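In order, the protein sequence lines correspond to chains V and D.
Under the numbering used here, the first residue of the first sequence carries the number 6, and numbering increases by one thereafter.
Under the numbering used here, the first residue of the second sequence carries the number 229, and numbering increases by one thereafter.
Positions of the beta carbon are idealized from the N, C-alpha and C atoms, including for glycine.
Treat the numbers as computed from the prediction; the structure is a model and nothing was measured.
Single-structure report; data block below.
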Amino acid sequence: MSQATETEVGGEGRIASVSGPVVVATGLDARMNDVVYVGEEGLMGEIIEIEGDRTTVQVYEETSAVAPGEPVETTGEPLSVDLGPGMMDSVYDGVQRPLDVLESQMGAFLDRGVDAPGIDLDREWAFEPTVEEGDDVGPTDVVGVVEETETIDHRVMVPPGSDGGTVETVREGAFTVEDPVAVLDTGEEVTMRQEWPVREARPTEEKKTPTEPLISGQRILDGLFPLAKGGTAAIPGPFGSGKTVTQQSLAKFADADIVVYIGCGERGNEMTEVIEDFPELPDPQTGNSLMARTCLIANTSNMPVAARESCVYTGITIAEFYRDMGYDVALMADSTSRWAEAMREISSRLEEMPGEEGYPAYLAARLSQFYERAGYFENINGREGSISAIGAVSPPGGDFSEPVTQNTLRIVKCFWALDKDLAERRHFPAINWDDSYSLYRDQLDPWFEDNVEADWPETRQWAIDTLDEEGELQEIVQLVGKDALPDDQRLTLDVAQYLREAYLQQNALHDVDQYCPPEKTYDILSAIKTYNDEAFDALDAGVPVDEITDIDAAPRLNRLGTTDDYEPEVESIEEDVAEQLEALY
Amino acid sequence: MKEYQTITEVSGPLVFAEVDEPIGYDEIVEIELSGGETKRGQVLESEDGVVSIQVFEGTDGIDRNSSVRFLGETMKMPVTEDLLGRVLDGSGNPIDDGPDIVPEERRDIVGAAINPFAREFPSEFIQTGVSGIDGMNTLVRGQKLPLFSGSGLPHNDLALQIARQATVPEEKREAAEASDEPRAGEGEGEGGETEFAVVFAAMGITQEEANEFMEDFERTGALERSVVFMNLADDPAVERTVTPRLALTTAEYLAFDEEYHVLVILTDMTNYCEALREIGAAREEVPGRRGYPGYMYTDLATLYERAGRIEGQDGSITQIPILTMPGDDDTHPIPDLTGYITEGQIYVDRDMNSKGHEPPIYVPPSLSRLMDEGTGEGLTREDHGDVSDQLYAAYAEGEDLRSLENIVGREALSDLDNTYLDFADRFEAEFVNQGFDTERSIEETLEVGWELLSMFPKEELNRVDEELIEEYYHEDAEREPVEADD
Ligand SMILES: Nc1ncnc2c1ncn2[C@@H]1O[C@H](COP(=O)(O)OP(=O)(O)OP(=O)(O)O)[C@@H](O)[C@H]1O
Ligand SMILES: [Mg+2]
Numbered sequence: 006m007s008q009a010t011e012t013e014v015g016g017e018g019r020i021a022s023v024s025g026p027v028v029v030a031t032g033l034d035a036r037m038n039d040v041v042y043v044g045e046e047g048l049m050g051e052i053i054e055i056e057g058d059r060t061t062v063q064v065y066e067e068t069s070a071v072a073p074g075e076p077v078e079t080t081g082e083p084l085s086v087d088l089g090p091g092m093m094d095s096v097y098d099g100v101q102r103p104l105d106v107l108e109s110q111m112g113a114f115l116d117r118g119v120d121a122p123g124i125d126l127d128r129e130w131a132f133e134p135t136v137e138e139g140d141d142v143g144p145t146d147v148v149g150v151v152e153e154t155e156t157i158d159h160r161v162m163v164p165p166g167s168d169g170g171t172v173e174t175v176r177e178g179a180f181t182v183e184d185p186v187a188v189l190d191t192g193e194e195v196t197m198r199q200e201w202p203v204r205e206a207r208p209t210e211e212k213k214t215p216t217e218p219l220i221s222g223q224r225i226l227d228g229l230f231p232l233a234k235g236g237t238a239a240i241p242g243p244f245g246s247g248k249t250v251t252q253q254s255l256a257k258f259a260d261a262d263i264v265v266y267i268g269c270g271e272r273g274n275e276m277t278e279v280i281e282d283f284p285e286l287p288d289p290q291t292g293n294s295l296m297a298r299t300c301l302i303a304n305t306s307n308m309p310v311a312a313r314e315s316c317v318y319t320g321i322t323i324a325e326f327y328r329d330m331g332y333d334v335a336l337m338a339d340s341t342s343r344w345a346e347a348m349r350e351i352s353s354r355l356e357e358m359p360g361e362e363g364y365p366a367y368l369a370a371r372l373s374q375f376y377e378r379a380g381y382f383e384n385i386n387g388r389e390g391s392i393s394a395i396g397a398v399s400p401p402g403g404d405f406s407e408p409v410t411q412n413t414l415r416i417v418k419c420f421w422a423l424d425k426d427l428a429e430r431r432h433f434p435a436i437n438w439d440d441s442y443s444l445y446r447d448q449l450d451p452w453f454e455d456n457v458e459a460d461w462p463e464t465r466q467w468a469i470d471t472l473d474e475e476g477e478l479q480e481i482v483q484l485v486g487k488d489a490l491p492d493d494q495r496l497t498l499d500v501a502q503y504l505r506e507a508y509l510q511q512n513a514l515h516d517v518d519q520y521c522p523p524e525k526t527y528d529i530l531s532a533i534k535t536y537n538d539e540a541f542d543a544l545d546a547g548v549p550v551d552e553i554t555d556i557d558a559a560p561r562l563n564r565l566g567t568t569d570d571y572e573p574e575v576e577s578i579e580e581d582v583a584e585q586l587e588a589l590y
Numbered sequence: 229m230k231e232y233q234t235i236t237e238v239s240g241p242l243v244f245a246e247v248d249e250p251i252g253y254d255e256i257v258e259i260e261l262s263g264g265e266t267k268r269g270q271v272l273e274s275e276d277g278v279v280s281i282q283v284f285e286g287t288d289g290i291d292r293n294s295s296v297r298f299l300g301e302t303m304k305m306p307v308t309e310d311l312l313g314r315v316l317d318g319s320g321n322p323i324d325d326g327p328d329i330v331p332e333e334r335r336d337i338v339g340a341a342i343n344p345f346a347r348e349f350p351s352e353f354i355q356t357g358v359s360g361i362d363g364m365n366t367l368v369r370g371q372k373l374p375l376f377s378g379s380g381l382p383h384n385d386l387a388l389q390i391a392r393q394a395t396v397p398e399e400k401r402e403a404a405e406a407s408d409e410p411r412a413g414e415g416e417g418e419g420g421e422t423e424f425a426v427v428f429a430a431m432g433i434t435q436e437e438a439n440e441f442m443e444d445f446e447r448t449g450a451l452e453r454s455v456v457f458m459n460l461a462d463d464p465a466v467e468r469t470v471t472p473r474l475a476l477t478t479a480e481y482l483a484f485d486e487e488y489h490v491l492v493i494l495t496d497m498t499n500y501c502e503a504l505r506e507i508g509a510a511r512e513e514v515p516g517r518r519g520y521p522g523y524m525y526t527d528l529a530t531l532y533e534r535a536g537r538i539e540g541q542d543g544s545i546t547q548i549p550i551l552t553m554p555g556d557d558d559t560h561p562i563p564d565l566t567g568y569i570t571e572g573q574i575y576v577d578r579d580m581n582s583k584g585h586e587p588p589i590y591v592p593p594s595l596s597r598l599m600d601e602g603t604g605e606g607l608t609r610e611d612h613g614d615v616s617d618q619l620y621a622a623y624a625e626g627e628d629l630r631s632l633e634n635i636v637g638r639e640a641l642s643d644l645d646n647t648y649l650d651f652a653d654r655f656e657a658e659f660v661n662q663g664f665d666t667e668r669s670i671e672e673t674l675e676v677g678w679e680l681l682s683m684f685p686k687e688e689l690n691r692v693d694e695e696l697i698e699e700y701y702h703e704d705a706e707r708e709p710v711e712a713d714d
């Protein structure tokens with residue numbers, strides 16, 4: 006059941022015990038995963054175990070002062086979200102209660118026992134039909150559009166469970182989400198609002214192999230470890246290494262149509278930052294406010310742990326709905342470890358047999374079910390749409406051998422490993438280029454060759470080789486110092502330093518540098534390679550390495566990232582490098 | 229109110245009792261011993277007919293004849309502005325022989341979460357007067373920034389220095405406020421122009437440490453604007469789980485009802501976490517990492533997340549929790565989970581301490597995540613961000629060279645490398661090591677920074693904007709001629 010439904014409640018039971026978010030009821034006639042109201046205050050909960058007459062409920066709200074004997078009522082329906090126009094530009098808690106509505110009802114602090122529908126039931130939307138009377142429509146077919154935000158046309162669809170039929174009437178005009186906008190010959194009324202149980206994936210026709218990159222505007226990601234539209238990625242890293250900054254950069258700049266950002270068990274201020282910043286920031290593709298394409302789910306660390314468990318499902322169900330419309334959706338979950346911990350906490354209150362490090366044995370299954378809901382799909386209505394899922398992982402002590410990281414690694418195809426050492430040196434993004442990988446690289450190369458530069462793959466390979474070589478040389482330098490190396494190796498170190506500082510590093514806090522389009526990513530790399538090639542020519546011609554590395558044109562490479570009008574500067578650097586080096590021999 | 233003499237089991241800090249009425253989860257319980265002494269506790273689990281109770285003051289002396297009373301409410305803190313200047317024990321009872329406290333209100337100590345939608349992102353620079361913090365890891369109003377320390381290190385001196393010196397400089401505050409939309413009732417709380425009210429919660433610290441704090445508070449007059457909660461090392465461990473909640477409830481009242489800017493110092497979070505572990509073990513829970521409860525992250529978050537600002541409200545809560553890392557290991561669950569919740573951390577370091585640096589802040593792993601919001605033109609100074617980045621980078625380089633220096637010796641290194649080594653030494657000795665009694669304005673801090681950066685040739689300062697170099701670089705600083713390389 007969703008926040009909007011006023012369902013008849015049936016089957017009343019009584020509380021037998023209360024321990025934190027877990028309540029046991031007796032005398033309740035209910036099904037697994039059904040939503041129930043607990044206690045005199047009617048706190049919202051979900052059935053997570055049934056054993057004889059004992060029904061276990063996880064409660065999405067604080068349970069202080071709730072006592073045995075109080076009533077428990079079932080709604081007879083599973084936890085669902087309200088789907089319809091109005092989700093963009095919204096901020097929800099883990100069970101899709103709009104936080105702005107909650108604030109107006111109960112002030113700055115979150116009280117309990119308050120329900121609010123996920124989408125506004127009174128607001129009217131201007132509906133424009135895209136079908137005519139007499140057209141045949143099937144499940145998830147689009148019958149019309151409403152302008153949900155300045156950026157997003159919300160496509161109103163026949164529900165997936167429908168048998169379809171012939172459109173008998175369809176009306177243009179202003180309607181609420183509950184008004185029928187079309188009626189089929191079967192008598193079925195199509196409204197803008199649908200409901201969907203969060204724990205169940207919405208149906209699709211077929212999952213396809215992704216071939217288009219999700220452009221992130223981050224050099225190291227697009228350049229070395231690209232993510233596909235419809236792909237999956239994990240960002241593990243110790244505290245303070247840059248998971249949230251990376252996720253937020255993706256939310257701001259990724260070339261997705263829709264962004265669903267889930268703050269799962271993390272800081273309140275980080276969500277506030279997004280709430281304050283996004284409306285002010287332009288979407289790089291449309292120039293409109295970023296919020297116009299964003300749905301935020303904020304279940305912070307101090308909010309009830311059961312709602313944290315459900316927030317990733319709420320998020321991905323919303324993502325699926327827009328995918329069904331034919332949009333490319335990017336979903337970020339920060340942090341999946343907090344979600345896993347919520348599972349662990351509930352599981353231990355249920356006294357289930359613990360698996361590795363106390364996590365429930367079904368941890369791996371839950372993680373893969375979640376990431377499986379991402380992908381590039383052909384939808385039932387024939388449209389193509391995608392969900393790219395990017396999960397932050399917060400391993401205890403930064404040790405990647407723990408269960409959440411390991412189980413995630415088995416599923417996702419991009420691994421962006423954050424590194425404490427790099428973060429401490431303020432090398433940001435602190436993505437370790439040796440440990441990270443993307444299994445999408447090959448399948449995305451044709452796109453980069455066609456849309457950016459034909460030698461994209463070769464240039465990237467050169468960068469990787471140079472960085473590898475630097476890694477080996479650094480080990481020697483640690484022992485004997487840089488000056489003990491032969492000239493060509495010293496030159497390689499110099500080039501690699503530009504790779505690290507001018508290419509891999511990118512300042513997410515700098516107005517210009519925070520977003521780097523793929524063309525610029527390519528140009529910066531190619532300028533470094535030009536310096537490399539010219540410098541080795543000079544070395545071959547007998548110029549001492551110190552003189553080569555001393556030219557003043559090369560350090561200008563480091564400022565390219567922060568240069569807005571970079572193209573003339575790239576050209577000028579390349580010319581000056583050539584001139585200054587050739588002057589040496 | 230019914231009295232029961234139905235205790236069936238006493239185990240560690242837990243008591244189990246049979247009841248014949250429904251008892252609310254989290255409710256407060258009084259247990260009266262045969263000798264007349266009463267102890268307080270809280271319902272941890274409530275079932276039909278039986279409840280388990282966590283006793284704050286320890287279970288010694290409790291037997292089957294002790295009587296149990298359920299108060300029918302969850303734990304409350306009596307709050308009033310008059311708490312300022314008062315010293316309370318770890319359960320909130322006055323221990324300073326002062327007058328009775330007449331509360332304005334009694335508030336639930338399990339604070340409700342601030343709706344993220346109602347928060348205001350913290351951005352007002354707090355000048356602590358400590359260069360290692362202001363210059364490199366700036367604190368802002370409404371932030372939670374812990375000190376990661378080790379046993380025997382002078383973290384208390386640093387905390388006291390911050391509590392003593394912390395101000396929001398007048399013109400900076402105006403600048404920050406000017407950029408906000410104007411609000412009704414803008415103005416400072418009665419807590420003084422720019423000074424903070426201090427809520428201090430001691431958990432399991434020694435009497436000696438407690439005295440150190442109290443003497444300093446009294447000497448500087450800070451006590452008048454402080455509320456002190458004292459749970460000492462020989463006080464019951466379980467009480468430690470409520471002390472910080474009482475303190476934070478008080479802080480919330482002062483900040484959001486009385487418009488104070490409140491600085492909350494929680495020390496020592498390590499003792500708090502040990503108490504959590506003890507309770508978890510007594511309940512025979514499945515332990516998480518190193519025996520600490522699996523829900524410790526969530527539990528700590530319900531404390532740390534009580535820092536912040538609320539839109540449209542003048543007060544704020546800034547938190548400085550202190551923790552001593554067992555074995556100086558920051559991957560230990562206590563600092564690790566803390567770091568995952570707080571907005572950065574300041575490392576108080578053993579090596580820096582043995583070099584005699586005061587305060588012994590180790591800068592590289594320290595971090596303030598809200599620094600960017602609170603610094604720069606109009607907030608601190610235009611060059612702040614670049615200077616800090618460059619100091620970081622140069623210090624990191626210097627530290628790398630130190631290990632190389634150990635192998636090949638100084639002579640084998642280039643002049644520039646030697647400058648980096650000198651820089652690293654001077655950064656510690658001059659920038660960080662300012663003394664516990666020295667207060668530096670942010671301008672002074674940045675000046676020291678520029679003096680050190682000017683050891684390098686300009687080209688080496690690649691993190692600083694060229695215009696800023698022109699403006700602030702010390703042309704006449706002593707530096708090695710780099711041309712003479714080789
Ligand atoms: N690309 C970047 N550019 C500039 N600064 C960065 C970048 N990435 C990270 N940082 C810096 O690192 C700090 C910590 O990053 P972030 O908050 O993303 O860490 P995190 O991995 O999410 O940590 P936690 O697990 O504790 O949430 C930021 O406040 C910022 O100062
Ligand atoms: Mg984070």
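> Which residues of chain D have a Cβ atom closer than 8 Å to the Cβ of P560 of chain V, listed in chain order?
Replying inline: E687 and N690
> Taking the C-alpha atoms as reference points, what is the distance between E539 of chain V and R564 of chain V?
Replying inline: 20 Å
>> Residues around ligand 2, please: the ones whose beta-carbon is closer than 5 Å to some heavy atom of it, in chain order.
In response: V:K248 and V:T249
> According to the neighbour-count rule (16 or more other Cβ atoms, all chains shown, within 10 Å of its Cβ), is E265 of chain D buried or exposed?
Replying inline: exposed
> Are the beta-carbon atoms belonging to N384 of chain V and T68 of chain V less than 8 Å from one another?
Replying inline: No, they are not a contact pair.
> Applying a beta-carbon distance threshold of less than 8 Å, which residues of chain V neighbour E513 of chain D?
Replying inline: S353, listed in chain order.
> In three-state terms, what does DSSP make of L476 of chain D?
Replying inline: helix
>> To be precise: take each residue of the stretch 400-416 of chain V, compare its Cβ to all Cβ atoms of chain D, and keep it if any distance is under 8 Å. Which residues remain?
In response: Residues passing the 8 Å Cβ filter: P401, G402, G403 and D404.
> Do you know offhand how far P588 of chain D's Cα is from K304 of chain D's?
Replying inline: So the alpha carbons of these two residues sit roughly 39 Å apart.
> Taking buried to mean at least 16 other C-beta atoms within 10 Å of its own C-beta, is A588 of chain V buried or exposed?
Replying inline: exposed
> Helix, strand or coil for Q63 of chain V per DSSP?
Replying inline: strand
> For Q479 of chain V, which residues in chain D fall below 8 Å Cβ to Cβ?
Replying inline: Within 8 Å Cβ-Cβ: nothing; Q479 of chain V doesn't reach chain D, min ~10 Å.
> Can you name, in chain order, every residue of its own chain whose Cβ lies under 8 Å from the Cβ of S353 of chain V, other than the five neighbours on each side?
Replying inline: P359 and G363
>> Which of the three DSSP states is assigned to V427 of chain D in this structure?
In response: strand
>> Taking CB distances under 8 Å as the criterion, tell me whether L565 of chain V reaches chain D.
In response: So no, L565 of chain V is outside the interface.
> Can you find a C-beta in chain V that's less than 8 Å from the C-beta of R347 of chain D?
Replying inline: Contact with chain V is found for R347 of chain D, since one of that chain's Cβ atoms lies less than 8 Å from the residue's Cβ.
> So what does I753 of chain D bridge to, in DSSP terms?
Replying inline: Residue numbering for chain D in the displayed model covers 229 to 714; residue 753 of chain D lies beyond these limits and cannot be assessed.
> Taking the alpha carbon of I481 of chain V as the point to measure from, which residue in V:V195, V:G245 and V:R495 has its own alpha carbon closest?
Replying inline: The residue with the shortest Cα to Cα distance from I481 of chain V is V:R495.
>> Please give the ranges of any alpha helix (DSSP H) in the stretch 337-415 of chain V, keeping only runs that are unbroken, at least 4 residues long and fully inside the region.
In response: 341-354, 368-377 and 408-414
>> Just checking L514 of chain V against ligand 1 - is the residue's beta carbon closer than 7 Å to any of the ligand's heavy atoms?
In response: Taken from the Cβ of L514 of chain V, at least one heavy atom of ligand 1 lies inside 7 Å.
> In or out: G413 of chain D buried (at least 16 other Cβ within 10 Å) or exposed?
Replying inline: Caution applies to G413 of chain D, whose pLDDT of 33 falls short of 50 and renders its modelled position unreliable; the model cannot decide the point.
> Straight-line CA distance for P202 of chain V to T322 of chain V?
Replying inline: 8 Å
> Quick one: is S544 of chain D near chain V, going by C-beta distance under 8 Å?
Replying inline: no
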